[in-house]
Each structure stands twice: as C-alpha cells, then as structure tokens.
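First up is the structure itself, then whatever we jot down about it.
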C-alpha cells in the first residue's frame, strides 16, 4: 500500500502547483520580495475549496496606531461614549480611529470582508509556522485560518490542499511520524468542530453596545434630567428583560448546533513506523491515515485510499439509503488533478456512518508490507478487515464544518417589515421635528419657559418617535413565536424570518421525500422484445417470464450499488430499489478469491455474484449515478462464457441516444414512457452491450450502441396528508408549485393527485431539443405512422425538418388531455417565442416546464442578456405550476427568478439537492434531520407537510401582532408628544407617576409583554392583510385617529380653563423646572391614561389570522388590572367627579369614533392587500411586475 521508495512531501508538491508570479519566485532576492510586501495593501482571496459558502472576498492590511487610539479616547469622553458604540459596530469607523493602511508585512491586523459583505477585524497570528516550519503571515476569521501565499500574492484558507495534487500523488502519500503529527496539531488545531457558547456578560456587552440602543440611552438621560427616575429605570429593566430572552434563545440555538457538531470517538491511526495507535479522534491531523471500522462515525473528511465501504450519509445529505465508497486506487485517471467533486465515490465526509468496511482482494499484499515484529499479526488482521482512509480535512474545513459555519454566521437580511418600520419611525421623527420648529418661536418668545426644557422637548421628539421600547418588544414577539414552533417540533434558526413567513405568496415543493414518501417500491419490468409488462410478484413466482432475456436478470444482479452486510452476510444493504432488484434476480454474492482456483489469475473487481446454476459474474468497474449524467454504468465479466458486458440504467430521456437505433422502436419507446409516467410511476431505461475483449468503463461513457432491454417501473406513493395539506394551502390563495428532478409526466400525475393541476383541462409540457435528435426522431415517427397521416402533412413536416438543419434548437410543446397527447414543434426564433409568450399570458393555464428549456433560457440570459427573453423566462417561472428534470442549480434558478419579481417564496425540501433553492427563497423549510438542515431557516423533525401551515400561521400571527402593536405605540407616542408640547405652554409637564401609569403599569409596555403570547389561528385564511406601515391601511388609520385625539386634547385644555374650579399655573422661578401638577396637567393626563388603557382594543382583530384576544389569558388579566388601576387613579385625582365623568364621556365618544373608523372604513376598504393574492396563479400580465 505505502511504497517506501515513493515518498511524497505534501506541502512541496502543493507549492509546485500554486500559480507562480515571476516577480515572487523562490529565486528572487529578499529585497525584491520585500518590495512586493510593501506594495500589497488590499489582498484578494485564493479559493481553496474548504471555506464553503461562508467565504472571504477581500482582506485589507492594517497597522495599529497609538496616536489614533489616544485621539479616539479623547473623542469618546467628549461624546459620552457615543463614538465608542459607533466604532464597535461599524468597522469602517473602527478602522479609521485605530488603524492605518499598510503593507502586508507591516500589518498587525486584517480587515476581512466576508461573503455577506460584513467586515470583521482580525488580529495577526504571531509566529505562525506552516508544516514546513516556515513562518507565514496568517490570521483567523470565523473559525478558519488564512495564510498569505508568496507565490499567489493572495490569502488562502489554510488546510491540506489535495486539489493541487494529482490522483497518483495522493495515492503515494505516506503516514506521518509522531513528531510531524504533533507539529501539525499546533498548526491545524484539533480535529473537532467546537466553538464557545457566549456567556451572559459577553452577550450583554455586545447587545448593550448596539447602535439600536442609543435611543434607549438617550431616553434614559433625558428622563433623568426631567426627574423621571422611575420611568427611566423601568425602561432599562425592560431592556434587560428583552436582552435576557434573546440571550437564552441564542444560547439554546448554539447548544443545539454544538450537540450535533462536537463529537469525539476512538480511531486507529497508522503511524510512520507501520504501527497502529488508538487515539481520540480530536488528535487527528490532515495527512493522517486511519483504519475505517464497522459501525463507526467518521470524525473528519476522508479520502478512501484502500478497500471499500458502505456508508450512510443521511447526516450529511438527508438521503436515508446507504451508498458505496470505493478506493481512490480504483480511479484510473492518475494524472488528473484530485477533485472532491469528481472523486466523490472515494470521499467520505465527516458525520457519515460506516455500515461496512473491508479491504480489497489484495489485502494479503498489504498485510505483508505492513508486518512488523511488534504487532504484525494484529496489524495484518486489521488490514484484512478494514479499509484505510487519508484524513483530508478536519474541524471547520470539513463539509459538515462548512455548513456549521454558515449556520453560525448567516447572511444578515433586513425583513420587509423591519425596513418599513424604519421608514415609519423616521417619518414620525421628522413630523415631530417639524412640529417642534413651528412651536419653537412661541416657546423662545416666552422668557418664563426654561430654555433647557425647550431643548429637552426636542430630545423628547427623538426618544418618543424613535420608539426604542417598541423595537425591543417586537424582538420579544419573534422569539415567542419561534419558541411556539419549537414545541411543535419545528426549529427556527432566525427569528427575523418569522415575519417573512407571514407574507408568503408562493410555496414550492420538492417531490420525492417531500410530497411523496422517501421509499420507492419496485413495481415491475416492461420487456422490449416481448412488449410485455410483468409485475414484481409475477416475476418472483414465475421465472419463465424473463424468457430469453437473461441480460435483464444479469443487469438486476450487477448494475447496482448494493452489497452484503459484513456483520450479517444474509442481509443485503444499499439503495432500496437496488436491493429489491437484486433479490428479484435470484443471484447471490460470493467470495471470488476463495472459490477461484489458485492457477487462475486474480481479476480486479468490486464484487462477484452467482446464481443457482453456478453462473458467475464479476463486476469490475462502476460509474455511479450523478444528476449531471442521470445514469449508472457497470462493466462485468461472465466467467462461464468468458464474455464481457457493460450494463446501463438511467433516465429514459437522457440515455435514449445511447441505445442502438436498431434495437428499439422509438415511437413505442416514447409511448411506453408516457403510459407509465402518466400514471405516476417512475421509469428507468435499461440496456447492455457485450463483447469478447474487456475495454474498461471509460469507453462506454460516450458509447451509443447499447442494446435496449426495457424499462424498470417504480412506484413512489404520496404521504398520507400531502393532498389535504396542499389543498389547504391553495384554498388560502397561495400558489403551489412542484420543482422536481423526475419525469414531467410523473410530476404531473403527482400534482394531479394533490390537486395542483386537474387532468380534465389541457396541460402544456414545455421542452427543448437539439436539431439532430429531433430530426432522427421525427423521421422514425413518419415512417411508422405513414398510413395514418395525410400526404400534405408529411410534406409540411419534411419542409420543417429541412429548416431545422439551420436551427440550433426546437421548442416542443406537448398538450396533455387526460391520457391523450398532441405534439407541437417550433423552430428557434420569433415563432417559438411568440407562441410561448401568448400561451403563458392566458388565464388558468396549466404548464409543466422541462429543465432543458430552463437551461436554454439560463444560457441566453447570461450570454445575450436579451430583455425580452428574460421577461419571458420570468413569466414562465411565475405561471408554470410544475417543473421537471431540474438539477439543484435549476431549482435555485427558478426560486431566484420568482424572488427577483418581488414575490415572497417558500421552498420546502428534504435533502442536500434542495439546499441551494432553500437558501435562495424568502424562507426555507427542510425535513432533513441532517446537519445540512441547520442552514435552513426552519427545520421540521416531522415528515408531514402540516409543518408548512404551522409556520405560515405563526408568521401571519406574528406579523399581525407587530403591525397592531406598532399602531398602538404610534397612538401612544403621538398622544404623549402632543401632551408634552401643550403642557409646556402652561409651564407644566408630566410627572414620574403620571408617566409610569399609562406607559408601564397599565399601558403599552405591559401589553407589549403579553400580546406576543397570542396564539395563531387554527387554519389558513385566504385573506392576507396589508402589513405595510406606510401603506394606505396605515395612513388612513392614522388620519382618522390622530387629528381627532389632538383636537380632543386641545379642546379639553381650553375647556378646563373655563371651569369655575380652574386656577392658573404661574411660571416656576427656580431650578429650570416645570410644574408637575396643574389643572391642564390633570385633565390631559386623564385623557392620556384613558387612551393608553383603551388601546388594548386595537388587538381585537383575531380570526382569521390569530385567536381572539380573550384567549390570551395574560393579556386579559393585564387588561383587567389596567382598567382597575385607571378607576383607582381617577378616584385619587383632584378634579371634581362631575368633570371627570364629563371627560370620560368625551373620551368614550372619541374612542367610539376611532373604533368605527377602523372597523367600517379601514378594515372594509383598506384591510386586505389584494396585490398579494395569487389565485391559482391566474395573474394578469399587467400586474405581473407590480411591487407587493
């Protein structure tokens, strides 16, 4: 295995492969290299492949400046800490006040620009040395180390860069000595995904230094100056409560991630002296070799160097079926650069469970080469049993680590509600400033009004309309909603996206594993030579049904990735369909080395099978199924006939061109596909080629002479509640789509089962073909249907075929009416686009788009950028309900196009192939229990689609609560600020107790702490309210409330002055203070208190978005307490009871007016956002591009 005469030094080989700059070659003088160091200040990133999506874009070199530090300290003191908070949150300011740009050699810090355009300042790692013991410039960012490459003049993520070596060089790598392992451990760190969980004091520091809390601090200062000590302290208390809620939520999320990430197991490491050492997995380093044992979990990313394994990658991909892994030595392209993607069959990712592990048939040679006097017997036994892997990536560099990093550092997105709230508050701040400026002249003209109180009123404008408490309470609502979902076994990783879930308009589903079960059942086989279909049970009971199709039985026995469980030889493990097909073949696995005579040359193979007649077959090479090629190949040798075969199975559309045209009837081929797919079955085409000399599998990858054998027919049943769940989604006037990799007719059948399409109306299947395939197919169809077609139609088609020779593609539109099909073909150019454009502009159209058409448009968009084609593509994505034969990239492409049209899109999937689309959507929902699901905003541990409804219901509930509470707070702050500006004219202000009663103890703050506990409605409604705070609903509501309340305040103010009990308040002559009592103060306070308590009724809107408010027991209790406190407070106020009754009746009248305005004007005419409703995707072309 490890040949002593071919030692490969990893770093030296990697350095050779790095693209060299002639200015920075190793032969340059030190002075020349220093010149390069001096010139580099902004450095790009060399893509090494182990960062994942959480990658760097650019690095800026900085040098710490003592002078700037002193200057910053002085300004921080002068600004009362404001500059410190701003510098702490904005790296541009921090860089300006602490650092200067410098060369990479002088740098003490590095400003890293991340993939989400966030800047983070990182300190240079002093004395960092690589595995060659050479000192390198390095820093760490988001748990990933980066080093400066002298040859590339770029930073790159630090790791064992196997991609710079060829496959042959990787195979020749040698085990490490103990000293080398220790040195690499210091460089690479532990083989462990570990990160600190933020402690409370750390979280408090970061939370309390956020710029959003500047208004809280400003409020505290202003209220302390005014003498409102209790009011100011209660605000800080509310801030601390919300911070504590956020801390526990944040800690809970990180602990869940850490529980899945941090795992230490025992592994057997191969040392340089050929001994085996049992160590903890966290001691592994890149370049180590380990034995891969049965029933173990892989602690790092491995490259399988020797032997083969059967593994379960459910923790990585979400797919439950076991998959095989083969040694890198089975790959024959030795001089090709190593690639994790191209050599995926030899790569085992961290978190993978090893089901079986065994050495290859040459294990006896390994045993001999590794035998040592100390433990040769034990060593040989281990090598005979287990495969050997090369540790390629550890910690956060692994594929699992990349996903964990993405979940720890998600891209920050401001939700639409947050953006609208910001505009809402800025508008009122500007309104308050304008009001202050208008009144300022009168205030400054009155010399008896303290000037400091006038400026305090300007500060009150910012702290009142800035609504610091409102923002904190909205955070609390989101966290409460996330916790409610957690009780329903739905984990939410980003509370901000709860609100986005309330605005979803389009719901996109993956098919297999999402709408249907993950399990696929083998139904039967259609034999091409007999034109006969036999079900699975019939074939098991009657072997004669195979007839003379022995190759079908051999294909079932060989063209798969199943294998026996080494711990239980009678159990066959692997893909469920492969296992069922193998059992149907009546073949069994056997050990070729044990049964073959010693004088027969040992043939390299993957596995061997034999049947009852002792017919033995060796499977020699295998090309695994990939979404890019959509087929699987195996080569085999029949030991009895001495002939060699290549078997193929895969997507019938993809591999049709690989079959010899003489071996099948093209028209019947298509008819059979339609016959089964229209019933919802999945179909795989099968074929073979036989010859006397073994050629190797490379020959058959582009081979087009396979003999067609027939179709394997598979069944994928629906989940029990899929139909009901999707129907409820559509009844709520949400558009439902299916985006799948299956055949278009299979997808259509599934869509009909769940009610997305109806079969009694035409369904248009869009696709595209290249001219050569289309021409050949049409010529065969003409020959076979010549008697059924008229002569003029034949001539017309012949003319069209001649034109096709000048065309690059043909758009095919197949119209499905039940089980009947009508085919329309169009040349590329204006004719085809006009037809498609007219079709998608129709109402109630049912369209299924094949991935080939999307790929064409994708190329057109990127290459030509033609606006008309882009608009047509977006229209197709919007109107089409079904998408078939879609790769993961196309799934993302579809979702991306919908989002770019300002639609709110939810993507639901169950596996790694859906992750790209999930991340692109407004919200993503994953069923996977894998670590990959951590990157999804929502992850359900239950497989039912009911989770989609629960998330949307919770989103609507949260959005409605936040909208209502924003308007409650808006009424509160308008009333409060108006009250302040009126009272200052009479040398009065609100006292501490008067502030606390309507604000905290009986008003909006207590409501804000209790309203979030309102539960969502039980079912989705088709009504979706207009949640824009700057929308007509919001503006009309404010125009009906605030002028009336302002008029009430002014009217009561003048009215109380005309009463007999009124006594004028004189200016206060000392301390620059205002009076905190007076008849104007008392009367206006009662009004303020009344509307603060009565604001609870703004939450009365319940169904269909949330439950009625009386079912929120906390809110009901606090409303009762507020009312009692209001009655007690009124009894203590020094106003005549009769006048109090008069004020109550006036306030009640205004409240009735506001209630009627909301009920009969706002809700009747402006409540529902009609732009959001997409009834069954019947969107008029004019409203297509309108903003929501």
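Residue numbers (my numbering): 4 to 1191. Using N, Cα and C, we set each Cβ at its ideal position, and we do this for glycine too.
Going by beta-carbon coordinates alone, are residue 328 and residue 311 separated by less than 8 Å? For the purposes of this step, residue 328 is taken as the residue at position 325 of the chain shown. For the purposes of this step, residue 311 is taken as the residue at position 308 of the chain shown. Yes, these two residues count as a Cβ contact at 8 Å.
Closer than 8 Å to chain B by CB, residue 1098: Chain labels in this structure do not include chain B; a single protein chain is all it has.
Tell me whether residue 433 is buried or exposed, calling it buried when 16 or more other Cβ atoms sit within 10 Å of its Cβ. Your numbering for residue 433 matches position 430 in the chain shown. By the 10 Å Cβ count, residue 433 comes out exposed.
Rounded straight-line distance, which links the Cα of residue 875 to that of residue 867: In the chain shown, residue 867 corresponds to position 864, counting from 1. In the chain shown, residue 875 corresponds to position 872, counting from 1. Confidence at residue 867 is low in this model, with a pLDDT of 47, below 50, so the placement of that residue should be treated as unreliable; the coordinate-derived value is given next. Residue 867 and residue 875 have their C-alpha atoms roughly 14 Å apart.
For residue 355 versus residue 429, is the C-beta distance shorter than 8 Å? Within the chain shown, the letter at position 352 stands for residue 355. Within the chain shown, the letter at position 426 stands for residue 429. Not in contact: residue 355 and residue 429 (Cβ atoms no closer than 8 Å).
Across which residues does DSSP place residue 709 in a beta bridge pair? As a position in the chain shown, residue 709 is number 706, starting the count at 1. Residue pairing of residue 709 in beta bridges, as defined by DSSP: 662.
What number of angstroms, rounded off, separates the C-alpha of residue 236 from the C-alpha of residue 287? Here the question's residue 236 lines up with position 233 in the chain shown. Here the question's residue 287 lines up with position 284 in the chain shown. As the crow flies, the alpha-carbon of residue 236 is around 53 Å from that of residue 287.
Residue 258: buried (16+ other C-beta within 10 angstroms of its C-beta) or exposed? On the chain shown, residue 258 is found 255 positions in, with the first residue counted as 1. Per the 10 Å Cβ criterion, exposed.
Close beta carbons around residue 160, own chain, < 6 Å, minus the five adjacent residues each side: Translated into the one-based positions of the chain shown, residue 160 becomes position 157. Residues 51, 53, 54, 147, 149 of the same chain have their beta carbon placed closer than 6 Å to that of residue 160, with the five preceding and five following residues left out of the count.
Let me know if residue 180 comes out buried or exposed under the rule of 16 or more other beta-carbons within 10 Å of its beta-carbon. Position 177 of the chain shown, counting from 1, holds the residue named residue 180. The residue in question, residue 180, is exposed, as its Cβ has fewer than 16 Cβ neighbours within 10 Å.
Using the Cα positions of residue 1199 and residue 67, report the straight-line distance between them to the nearest angstrom. Coverage of the chain is limited to positions 4 through 1191, which leaves residue 1199 absent and any answer about it impossible.
Take residue 922 as the anchor and find which of 314, 265, 410 has the nearest alpha-carbon. Counting from 1 along the chain shown, the entry for residue 922 is found at position 919. Closest option to residue 922, Cα to Cα, is 410.
Using 8 Å as the threshold, is the C-beta distance between residue 690 and residue 706 below it? Position 687 of the chain shown holds residue 690. Position 703 of the chain shown holds residue 706. Their beta carbons are not under 8 Å apart, which means residue 690 does not touch residue 706 by this criterion.
For residue 489 and residue 952, what's the separation of their Cα atoms in angstroms? Residue numbering aside, residue 489 sits at position 486 when the chain shown is read from its first letter. Residue numbering aside, residue 952 sits at position 949 when the chain shown is read from its first letter. If you take the alpha carbons of residue 489 and residue 952, they lie about 14 Å apart.
Alpha carbon to alpha carbon, how far is residue 204 from residue 90? Residue numbering aside, residue 204 sits at position 201 when the chain shown is read from its first letter. Residue numbering aside, residue 90 sits at position 87 when the chain shown is read from its first letter. Residue 204 and residue 90: Cα-Cα distance of roughly 20 Å.
DSSP state of residue 567 mapped onto helix, strand, coil: In the chain shown, the residue the question calls residue 567 occupies position 564. Strand, per DSSP.
Between residue 88 and residue 212, how many whole angstroms is the CB-CB distance? I'm expecting something under 8 Å. Numbered from 1 along the chain shown, position 85 holds the residue referred to as residue 88. Numbered from 1 along the chain shown, position 209 holds the residue referred to as residue 212. With a beta-carbon spacing of about 5 Å, residue 88 and residue 212 fall inside the 8 Å limit used to define contacts.
By the three-class DSSP mapping on this structure, what secondary structure does residue 678 have? In the chain shown, residue 678 corresponds to position 675, counting from 1. Reduced to three states, the DSSP call for residue 678 is helix.
Roughly how many whole angstroms lie between the Cα atoms of residue 940 and residue 497? The residue you call residue 940 lines up with position 937 of the chain shown. The residue you call residue 497 lines up with position 494 of the chain shown. Just so you know, the alpha carbons of residue 940 and residue 497 end up roughly 6 Å apart.
Beta-carbon proximity of residue 969 to residue 424, cut-off 8 Å: The sequence position of residue 969 within the chain shown is 966, counting from 1. The sequence position of residue 424 within the chain shown is 421, counting from 1. For residue 969 and residue 424, yes; Cβs fall inside 8 Å.
Strand pairing of residue 326, partner residues [DSSP]: If you number the chain shown from 1, residue 326 lands on position 323. Partner(s): 314.
For residue 164, which three-state DSSP category applies? As a working mapping, residue 164 is identified with position 161 in the chain shown. Three-state DSSP puts residue 164 in coil, outside helix and strand.
In or out: residue 209 buried (at least 16 other Cβ within 10 Å) or exposed? In the chain shown, residue 209 corresponds to position 206, counting from 1. Looking at its Cβ environment, which holds fewer than 16 other Cβ atoms inside 10 Å, residue 209 is exposed.
Check whether the segment 499–512 touches the segment 673–693, counting contact only when three or more Cβ pairs, one atom from each stretch, lie closer than 8 Å. Contact fails: fewer than three Cβ-Cβ distances are below 8 Å.
Can you say whether residue 1061 is buried or exposed, counting buried as having 16 or more other CB atoms within 10 angstroms of its CB? One-based indexing of the chain shown puts residue 1061 at position 1058. By the Cβ-count criterion, residue 1061 is exposed, with fewer than 16 other Cβ atoms from all chains shown falling within 10 Å of its own Cβ.
Rounded separation between residue 107 and residue 392 - CA only: Here residue 107 refers to the residue found at position 104 when the chain shown is read from its first residue. Here residue 392 refers to the residue found at position 389 when the chain shown is read from its first residue. The straight-line gap from Cα to Cα measures roughly 38 Å.
Please name the residue in 653, 590, 1125, 135 whose C-alpha comes closest to that of residue 543. The count along the chain shown starts at 1 and reaches residue 543 at position 540. With distances taken between Cα atoms, residue 543 lies closest to 590.
DSSP on residue 261, reduced to helix/strand/coil? Here residue 261 is taken as the residue at index 258 of the chain shown, counted from 1. In the three-state reduction of the DSSP assignment, residue 261 falls in the helix class, which pools H, G and I.
Close beta carbons around residue 413, own chain, < 7 Å, minus the five adjacent residues each side: Within the chain shown, residue 413 is the residue found at index 410, counting from 1. If we look at residue 413 and ignore the five residues flanking it on each side, its Cβ neighbours are 497.
How many whole angstroms separate the CB atoms of residue 282 and residue 270, which I take to be in contact at a CB cut-off of 8 Å? Here residue 282 corresponds to residue number 279 of the chain shown, with the count starting at 1. Here residue 270 corresponds to residue number 267 of the chain shown, with the count starting at 1. That belief holds up - the Cβ atoms of residue 282 and residue 270 are roughly 6 Å apart, short of 8 Å.
Do residue 1048 and residue 1153 count as a contact pair if the criterion is CB distance below 8 Å? Counted from its first residue, the chain shown places residue 1153 at position 1150. Counted from its first residue, the chain shown places residue 1048 at position 1045. Contact annotation: residue 1153 and residue 1048 have beta-carbon atoms nearer than 8 Å.
Quick test of your reading: residue 141 and residue 324, contact by CB under 8 Å. State the CB separation rounded to the nearest angstrom. As a first step, residue 141 is located in the chain shown; it is residue number 138 there, counting from the start. As a first step, residue 324 is located in the chain shown; it is residue number 321 there, counting from the start. Going by Cβ atoms, the distance from residue 141 to residue 324 rounds to 42 Å, so no, they are not a contact pair.
Residue 384: buried (16+ other C-beta within 10 angstroms of its C-beta) or exposed? Taking the chain shown and counting its residues from 1, one reaches residue 384 at position 381. Below a pLDDT of 50, predicted positions are generally treated as unreliable, and residue 384, at 45, falls in that range; the measurement from the model is reported next regardless. The residue in question, residue 384, is exposed, as its Cβ has fewer than 16 Cβ neighbours within 10 Å.
Suppose you measure from the CA of residue 1078 to the CA of residue 925; what does that come to, to the nearest Å? Here residue 1078 is taken as the residue at index 1075 of the chain shown, counted from 1. Here residue 925 is taken as the residue at index 922 of the chain shown, counted from 1. So the alpha carbons of these two residues sit roughly 53 Å apart.
Please check the pair residue 512 and residue 741, which I expect to be a contact at CB under 8 Å, by giving their CB distance rounded to whole angstroms. Numbered from 1 along the chain shown, position 509 holds the residue referred to as residue 512. Numbered from 1 along the chain shown, position 738 holds the residue referred to as residue 741. Right, their Cβ atoms sit about 5 Å apart.
Host beta strand (DSSP E) of residue 112 (start-end): Position 109 of the chain shown, counting from 1, holds the residue named residue 112. Looking at the DSSP string, the run of the beta strand (DSSP E) that includes residue 112 is 112–117.
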